[in-house]
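Colleague: Pasting a structure below so you can have a look.
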C-alpha cells in the first residue's frame, strides 16, 4: 500500500474544528487534488452533494467528469467502478444508505473481492466503497443496517470504519491510496459531531486499532458509532471507581487485535460492543480470538453487547435495539462479578 497522503493545509490553517461529515468532505477534496485519477461517483453525489452533504461542492470544483451522478442502480455503480479501476482510475463509490448495498453484493463479493487473486496479482482494484451505516437517526426500513460482517468475512476486501472527525479525514485519504478495494463504513449518526483536526499531524497507519482510554478493571472493544457510547460508559464507570480501557478497532478486516490481547492480559475482562446482531459477527470473531490468545488471562467469559438477532426495528423501537450506556455498564458489572 502506498504511503498515507500528507496534503496541504486547507485555508492556511494548521487546526480547525470540524464535523465528521465535513472532515470526510475535506479528505475527499484533498485526495482529488493530489491525484487526478480519483473519481467520486454515486446517487446524488454531484449537484445535491449527497443526502448527508458529504460530497457537497466537489462537482462544482472538480467538474462532472470527476464527480458523477449515477443512476439508482448500486450494481451498476460498482460494476462501472470495477472497469474504471482496471483502467487505472481510483473510483470512490458512495452507497447512499447501508441497506442499499445489497443489490451490489454480487458485484462486490464475486468480482471486486476476487479479481486480484483471479489474475494472480496482475489486476489491482484500487477502489473505495463508502457506506453510511448504523442506526440512531430515526430512519425507515433499509436505512439503518450494520452489514460490515458480510464484507469482513469476504477474502480480498479490506474493511475499515472511522469513529471521529480526525480519523475520518485521514482514513478516507489512506483508503483511496490503497491498491486493494476498501469498504469504508461511516457512522451516520456521528456525522455532525465535532473535533479539532490538526492538518500537520502524522496519521496512524490505516489498518491499526487504537487505545482511546487507559483502564485497569476491564476492556471495552468497539468500532464506528459505538466508540462514543463506550467512552461515555467508561466515564460513567470511573465515577464508581472502575477504570475501563476503551479500544477502537478502526480496521475490521484485517483486524489489529494486538492491543486488545495486551489489554485483556492486564485487565482479565473483555466486553465487545457493536450495533450489529451477535450471530456469526465481528463480535463473535473477537471473542473467539481473545479466548484463543488470552485464555489463561481471562477472569470471566468474554461478554458481548450488540444489536438483537432480529431485523432492524421501526424507528420508534430503535432505542430498545441499539446498545446504550446502561447495557454496556451492565455487561461490565456482570464480567467483574463473575
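In this note's numbering, the protein residues as written are 129 to 466.
Beta carbons: idealized from backbone N, C-alpha and C, even for Gly.
1. Hey, out of 385, 417, 148, whose CA is closest to residue 323's CA?
2. Apart from the five residues just before and just after residue 137, which ones in its own chain have a Cβ nearer than 7 Å to its Cβ?
3. Go ahead and label residue 297 buried or exposed: buried means 16 or more other beta carbons lie within 10 angstroms of its beta carbon, across all protein chains shown.
4. Going by alpha carbons, who is nearest to residue 256 out of 264, 356, 270, 289?
5. Would you kindly work out how many angstroms separate the C-alpha atoms of residue 130 and residue 408, rounded to a whole number?
6. Please say whether residue 285 and residue 325 have beta carbons closer to each other than 7 Å?
7. Measure the C-alpha to C-alpha separation of residue 391 and residue 150 and round it to an integer number of angstroms.
8. What is the residue span of the beta strand (DSSP E) that residue 169 lies within?
9. Taking the alpha-carbon of residue 269 as reference, which of 441, 347, 249 has the nearest alpha-carbon?
10. What residue range does the alpha helix (DSSP H) around residue 445 cover?
11. Taking the Cβ atom as the reference point for each residue, do residue 170 and residue 198 lie within a distance shorter than 7 Å?
12. Check whether the region 375 to 386 touches the region 345 to 358, counting contact only when three or more Cβ pairs, one atom from each stretch, lie closer than 8 Å.
13. In chain order, what residues of the same chain lie with their CB nearer than 6 Å to the CB of residue 134, ignoring the 5 residues before and after it?
14. Is it the case that the region 236 to 252 contacts the region 408 to 423, given that we only count it when at least three CB pairs across the two stretches are under 8 Å?
15. With a threshold of 8 Å, are at least 3 pairs of Cβ atoms found where one atom belongs to the region 297 to 306 and the other to the region 421 to 432?
16. Just to confirm, is the Cβ distance from residue 358 to residue 401 under 7 Å?
17. Determine the direct distance from the alpha carbon of residue 180 to that of residue 317, and round the result to whole angstroms.
18. Tell me which residues share the same chain as residue 383 and place their Cβ nearer than 7 Å to its Cβ, disregarding the 5 neighbours each side in the sequence.
19. Using beta-carbon positions only, say whether residue 194 and residue 222 come within less than 7 Å of one another.
20. Leaving out the 5 sequence neighbours to the left and right, which residues in its chain are closer than 7 Å to residue 405 when beta-carbon positions are compared?
21. Report yes if the CB atom of residue 393 is closer than 7 Å to the CB atom of residue 425, and no otherwise.
22. Is residue 219 helix, strand or coil by DSSP?
Modeller: Concretely, from the data shown:
1. 148
2. Unreliable placement is indicated for residue 137, whose pLDDT of 49 sits below 50; the coordinate value is still reported in the next sentence. Closer than 7 Å at Cβ, skipping near neighbours: 327, 328.
3. buried
4. 289
5. Note that residue 130 scores 44 on pLDDT, short of 50, meaning its location in the model is unreliable; the coordinates nonetheless yield the value given after this. Residue 130 and residue 408: Cα-Cα distance of roughly 33 Å.
6. No. Outside cutoff.
7. Rounded to whole angstroms, residue 391 to residue 150 spans 33 Å at the Cα level.
8. 166 to 170
9. 441
10. Element bounds for residue 445: n/a, residue is neither H nor E.
11. Less than 7 Å separates the beta-carbon of residue 170 from that of residue 198.
12. The region 375 to 386 makes contact with the region 345 to 358: 3 or more CB pairs, one atom from each, lie closer than 8 Å.
13. Low confidence applies to residue 134: its pLDDT is 45, below 50, so where it sits in the model is not reliable enough to give any reading.
14. no
15. No: fewer than three Cβ pairs fall under 8 Å.
16. yes
17. Going from the Cα of residue 317 to the Cα of residue 180 covers about 10 Å.
18. 377
19. no
20. 434, 435, 436, 437
21. yes
22. strand
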